[in-house]
Each structure stands twice: as C-alpha cells, then as structure tokens.
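A.B. asks: If you're matching positions, the sequence shown starts at 811 in this note's numbering and goes up one per residue.
Yeah, the Cβ is synthetic: ideal placement off N, Cα and C, and Gly gets one too.
Let me give you the structure first, and then I'll get to my questions.
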Amino acid sequence: MKGKLIGVGLVVLLAVLLSVYWKNNDSLDHWQKHLPRICSFSSPRPVDLNQDGVLDIVFGAGADEFQGSDSSVIAMDGRNGDILWRVQGRDQMVGSPTFLNINADDVPDVVISGRAGQLMALDGKTGSQLWSYYSDADFASNPDSVFLNFYGSQLIPDADEDGIFDLLVANGGDATIPYSDPNRPPGRLMVISGVSGALLAEAIMPDSAETYMTPVCTSLEGTDELTIVFGSGGETFGGHLYRAPLSDLLTNDLTGAIELATGEQRGFMAPPVIVDISNDGIADIVTNSVDGRMLAFNGANNQLLWKVEIPQAEVYGSLAVGNFTGDNTPDFFANMGRGIFPKVTQSIQAMVDGKTGEINYLDSLGFLQIGSPLAADLNGDGRDEAIMSINWFDPVLSQDHYHSLYGITNELLAFDFTEPTAYRLLGTFRGVNPAATPWMGDLDNDQQIDVIYTYITDTVQYRPFNGMKVMRVEIDIPVEEVSWGSYMGSTYDGVLNPPNDL
811 MKGKLIGVGL VVLLAVLLSV YWKNNDSLDH WQKHLPRICS FSSPRPVDLN QDGVLDIVFG
871 AGADEFQGSD SSVIAMDGRN GDILWRVQGR DQMVGSPTFL NINADDVPDV VISGRAGQLM
931 ALDGKTGSQL WSYYSDADFA SNPDSVFLNF YGSQLIPDAD EDGIFDLLVA NGGDATIPYS
991 DPNRPPGRLM VISGVSGALL AEAIMPDSAE TYMTPVCTSL EGTDELTIVF GSGGETFGGH
1051 LYRAPLSDLL TNDLTGAIEL ATGEQRGFMA PPVIVDISND GIADIVTNSV DGRMLAFNGA
1111 NNQLLWKVEI PQAEVYGSLA VGNFTGDNTP DFFANMGRGI FPKVTQSIQA MVDGKTGEIN
1171 YLDSLGFLQI GSPLAADLNG DGRDEAIMSI NWFDPVLSQD HYHSLYGITN ELLAFDFTEP
1231 TAYRLLGTFR GVNPAATPWM GDLDNDQQID VIYTYITDTV QYRPFNGMKV MRVEIDIPVE
1291 EVSWGSYMGS TYDGVLNPPN DL
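Below, the structure is given as structure tokens:
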C-alpha cells in the first residue's frame, strides 16, 4: 500500500494547530538550545541528575570524526535545557548512555561509548570520570595502535559479585580501513565491571568477522536463563545473526552460538527487537539485516517465522514495535535506504504486519536517515502511529548533488496507517538529522508526552561547523500512549515488556 505525504486537508490542519499550540501555550514545557561547533550521532536518554524531579537529558556528541572535542558527552537540565556538565573525548561519542548507580550517592551515573575505543563511566552529579576502559596513557604509549569502537552497553546481572550491575558491550570496527578492504579485525563481545571498568569476560565473533551491533540480552522464556542476541558483518562484508546463553560468554566462549541467519554480502548492524509475535508466551527475535531484509525468528525453536525483502535497499537502523494493524500481534516499522553503500540515497519506510510478515505500508519520503523510528497512539484511535525523523533535499535551495547537503531540511513525521497518511509533528528545521533517534516519554511526571529532538544545523555537509540544536516539546497526549519511545525501545534494551501489552 503506497502512502503519501498529505499537503491539504484535516491532517495538515491538525499539524498546524498542534504546532501553533506548542509554540504559544505557556502552560506547556518547551525549550530549544543551540550547541556550537559540535554534532551528535547519539540518541538522547533521560535521567534525573540534579534531583529536581524532572528528568535530565544525556547524549554523546563530538566534532568531526578522528578529532577530539571538549563536548563529547553532554548533560542538559530537562527543565530548561541548561548545560549541567560536559565531558571531553578523543573522538565522536556515538553510543547512547546507560545509567546505573556506581558510587552509591543516590544519583545515577552514566556509562557511554564511542569511536576510538571510548568506553567510560561518569559521575552523574558532576560528569567527572569514574573509570575509562582505555586510559589516556594507553593511547599516549601506543600511538600507532588501533582502538576499535565501542557500541551501546546493556546492563546484566552482577557477574563479579560486588553488588553492582555489570555491562555487556560490543567492540569492533576500524574506521581507518577502506570500506572495500576485506582485511578487517574481528569484533568481540565483552563483559565489563560496572564498578571499575575491568574486563570480566570476552569472546570474538564465532565467524571472526567485524561487529557494529549493540547486543541485546534478555530472557526469552521468562526464566533466569539470559540469552544474548548479537550480529557480525557490516556495510560491505557479510556476517551472521547469533544467539547464545550469557553463561557461555562469561566463560569466554561463543563457539557454541546458534546461527540464526546469514548475510552473504552484508552483515547485521542494527540491534534486534525481542517481542512475542507467535503468541506462545516465549519472546521472538525480529531484526533488520543490512541487505534490506526484515527477519522474524521463533524464540522457542529458532525457526524462521517470516521474511520481508526490499529490493535494492540497505538498513542501518533498528525497528519500532507498535500496534499498527489493530490486531493482538505487535507490528514493525523500519526505515531503509535505497542504494548500495557508500551511495545510499533515497529513504524507504515500510510497515510490516507482525502476524503475517506482509508489507502493509510502503513509502519513500526523504533521503537516508539511519536513526530508528518510534511508536505511539497520537490520535487516540487505539492504533499506534510510527514516528521518525525525515531529511529532505530541497532542489530549490541547491542544484548540487545529494551528498553535499545544500538545501537540507528535517522534520519529525507521524505515519498514520488507518488513512494511510504522514503528517508533520515538529519542523521544518534547516539542517540534517543523520542518525539520532528522538525520545518520547514523560520528563516531568505530568502524564503528558514530552519529545526530545536533536539535529545538526549545518545545511552544507555532515560536519559540526554550525553546531546542533536540542529541543524539548510537550504534547497534550497521555504518556501511556507511547509504545516504543526511544532507540531500542522505552526500556532501552530492545525488549517489548510485557509481550502483546499494546
């Protein structure tokens, strides 16, 4: 079913009225801040750092790739957008933050990851460093060494018995290697002490391939047995999707991992989602592969439930899970790109019926955006809309080709599958959002939806010359209508809990 961007009628009227209402009604909390000379490829997450009852915003940032910045991690006051603290880094901090209380001061601390071997824990009150997996001395003493990227971390039960959660994280990817060079270092999964940052366990990918995927760790059966779902391969070389018991990794051995799927020419980069679509009480695994497939696997027996293939598409973002079709089985929304890396241009949006694996909605709005979509019931009809950032290339503003980014705008769209239509929630803004997933939830406990949205203000190229903007907008919609409110879901772990509770 082909969707369309509505330019007239009730949908646009609704969008205009909502936009005016947000901007002019002083009873709603909203702010916008410009942060000069930096950009962000990280997705924001909230936590109350100043203990004022309003959740604050933390995200990774940085300057150009391979460059250091004094603002690689930023914490902003959720009430007004003021900077609480900022932390320097040696490269872009691209991971989303994980929160846990390390120093027992009742304020959550921040673990965040990024390029060039950056994985660090920061004091939530002050931003001061609690630990770093690689120290500055490590880099100073090994100037010719390559430190692979760290991706988003997941909390796991206390493995070293010190009373604090520990961390599961993937390490891989060497940006100094040309994308066509097959000589690539193997990625690995690691278990890191939450208290000290010490390595507790590690194992390389079972196929010795590279990795870029943030792993997911959960109990599929609702027992104490935790399963890791992880992937290998990248944009230009094949890989696999695996599942393995966490207990195997804790013994430094992933050779017994079960291979769920193979990508011959492209790998698995976006984190999967864990949700029961077979209605047997056991969570299933649904994932995107880089080569334009959406795959669903039965969590009980690893069998393929269904497969969707979009020709000439590549996928770098994760899925949104929501009630898009109106039945009792969760559905999925994905954003893809048309083309082959490194020339992936036009964006493709697809909604897939979780029960049948059929494509119920297909559109091609904007150009490549590798952030992930969200899901919420915005109009109260009992069915979720998919929400995602869209980048537009405006030929009126420029005659240059796509990758120069002259004349670029972005906006936050909602996809209503009952019409089907797409309408504007926020924007239009001059600039581009290449990768950051917005956040939807309740910052101030007033039971209304807040949106945190970020984008790069430079319209010329993917560079931080003009900086970035961060905004908070409150929408007069109950927060319980949010089904999938962040990158990797409302609980930040890729899991819809409880299954089928939509």
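Which parts of the segment 1172 to 1243 are runs of the beta strand (DSSP E), unbroken and 3 residues or longer, counting only runs that do not cross its ends?
C.D. replies: Here the runs fully enclosed are 1184 to 1186, 1195 to 1203, 1218 to 1226 and 1231 to 1240.
A.B. asks: Quick check for students: name the residue ranges of the beta strand (DSSP E) that lie wholly in the segment 971 to 1048, counting only runs of 3 or more.
C.D. replies: Within the segment 971 to 1048, the complete beta strand (DSSP E) runs of at least 3 residues are 976 to 982, 998 to 1002, 1009 to 1014, 1026 to 1028 and 1037 to 1041.
A.B. asks: Give the C-beta separation of residue 1306 and residue 1140 to the nearest angstrom, bearing in mind that I take them to be a contact with Cβ-Cβ under 8 Å.
C.D. replies: Yes, they are in contact, since the Cβ atoms of residue 1306 and residue 1140 sit about 6 Å apart, within 8 Å.
A.B. asks: Here's a check: name, in chain order, each residue in its chain whose Cβ is nearer than 6 Å to the Cβ of residue 1247, leaving out the five neighbours to either side.
C.D. replies: Around residue 1247: 853, 1181, 1182 and 1297.
A.B. asks: Ends of the beta strand (DSSP E) at residue 1099?
C.D. replies: Run containing residue 1099: 1094 to 1099, per the beta strand (DSSP E) assignment.
A.B. asks: Hey, would you say residue 899 sits closer than 8 Å to residue 879, going by beta carbons?
C.D. replies: Yes. Within cutoff.
A.B. asks: Exposed or buried, which one is residue 1152 when buried takes at least 16 other CB atoms within 10 Å?
C.D. replies: The residue in question, residue 1152, is exposed, as its Cβ has fewer than 16 Cβ neighbours within 10 Å.
A.B. asks: Taking just the CA atoms, how far does residue 1084 sit from residue 1029?
C.D. replies: The alpha-carbon atoms of residue 1029 and residue 1084 are separated by roughly 10 Å.
A.B. asks: Tell whether a beta-carbon distance below 8 Å holds between residue 876 and residue 928.
C.D. replies: No.
A.B. asks: Are residue 1264 and residue 850 touching if we call contact CB-CB under 8 Å?
C.D. replies: Contact flag set, yes.
A.B. asks: Where in the segment 1085 to 1138 do unbroken runs of the alpha helix (DSSP H), each at least 4 residues long, occur, reported from the N-terminal end onward?
C.D. replies: Listed in chain order, there is nothing to give.
A.B. asks: What does the alpha-carbon distance come out to for the pair residue 930 and residue 907?
C.D. replies: Roughly 10 Å between the two C-alpha positions.
A.B. asks: Distance check for residue 938 and residue 1195, CA to CA, integer angstroms please.
C.D. replies: Residue 1195 and residue 938: Cα-Cα distance of roughly 40 Å.
A.B. asks: So what does DSSP say about residue 1286, is it helix, strand or coil?
C.D. replies: Three-state DSSP puts residue 1286 in a strand.
A.B. asks: Going by DSSP in three states, residue 950 sits in which element: helix, strand or coil?
C.D. replies: Residue state, collapsed to three classes: helix.
A.B. asks: Please report the residue range of the alpha helix (DSSP H) in which residue 859 lies.
C.D. replies: Careful: residue 859 lies outside any alpha helix (DSSP H) and carries neither H nor E.
A.B. asks: Report the rounded CA-to-CA distance for residue 1089 versus residue 914, giving the unit in angstroms.
C.D. replies: Rounded to the nearest angstrom, the two C-alpha atoms are 41 Å apart.
A.B. asks: If you compare alpha carbons, which of 1253, 862 and 1280 is closest to residue 1266?
C.D. replies: Among 1253, 862 and 1280, the Cα nearest to that of residue 1266 is on 1280.
A.B. asks: Specify, as a first and last residue, the run of the beta strand (DSSP E) that residue 1070 falls within.
C.D. replies: 1068 to 1073 is the extent of the beta strand (DSSP E) around residue 1070.
A.B. asks: Alpha carbon to alpha carbon, how far is residue 972 from residue 919?
C.D. replies: The alpha-carbon atoms of residue 972 and residue 919 are separated by roughly 16 Å.
A.B. asks: Where do the ends of the alpha helix (DSSP H) carrying residue 1056 lie?
C.D. replies: Counting along the chain, the alpha helix (DSSP H) containing residue 1056 begins and ends at 1056 to 1060.
A.B. asks: Compute the Euclidean distance between the alpha carbons of residue 1201 and residue 1176, then round it to the nearest angstrom.
C.D. replies: In a straight line, the C-alpha of residue 1201 is about 5 Å away from that of residue 1176.
A.B. asks: Distance, Cα to Cα, residue 936 vs residue 1097?
C.D. replies: Approximately 37 Å, taken between the alpha carbons.
A.B. asks: How would you write the range of the beta strand (DSSP E) that residue 1263 sits in, first residue to last?
C.D. replies: From DSSP, the beta strand (DSSP E) with residue 1263 extends over 1258 to 1266.
A.B. asks: Can you tell me where the beta strand (DSSP E) with residue 896 in it begins and where it stops?
C.D. replies: Note, residue 896: beta strand (DSSP E), 893 to 899.
A.B. asks: Can you have a look at residue 1068 and say buried or exposed, based on whether 16 or more other CB atoms are within 10 angstroms of its CB?
C.D. replies: Label assigned to residue 1068: exposed.
A.B. asks: Based on the DSSP secondary-structure assignment, which residues constitute the bridge partners of residue 879?
C.D. replies: Paired residue(s): 899.
A.B. asks: Under 8 Å, do residue 1019 and residue 1047 count as touching if we go by C-beta distance?
C.D. replies: Their beta carbons are under 8 Å apart, which means residue 1019 touches residue 1047 by this criterion.
A.B. asks: By DSSP's criteria, residue 1052 is part of a beta bridge. Which residues make up the other side?
C.D. replies: The partner list for residue 1052 (beta bridge, DSSP) reads 1040 and 1069.
A.B. asks: Under the rule that 16 or more other beta-carbon atoms within 10 Å means buried, what is residue 1061, buried or exposed?
C.D. replies: Result: exposed.
A.B. asks: Here's the rule: buried if 16 or more other CB atoms are within 10 angstroms of the residue's CB, otherwise exposed. What is residue 1233?
C.D. replies: Counting Cβ neighbours within 10 Å, residue 1233 comes out buried, since at least 16 surround it.
A.B. asks: Taking a contact to mean a Cβ-Cβ separation below 8 Å, would you say residue 912 touches residue 1277 in this structure?
C.D. replies: Against a cut-off of 8 Å, the Cβ pair of residue 1277 and residue 912 comes out as no contact.
A.B. asks: What are the boundary residues of the beta strand (DSSP E) that includes residue 908?
C.D. replies: From DSSP, the beta strand (DSSP E) with residue 908 extends over 908 to 910.
A.B. asks: Go through its chain and collect everything with a Cβ distance to residue 1303's Cβ below 7 Å, but skip five positions before and after it.
C.D. replies: The residues are 964, 1026 and 1028.
A.B. asks: May I have the straight-line CA-CA distance separating residue 1288 from residue 946, to the nearest angstrom?
C.D. replies: Each residue's alpha carbon lies about 46 Å from the other.
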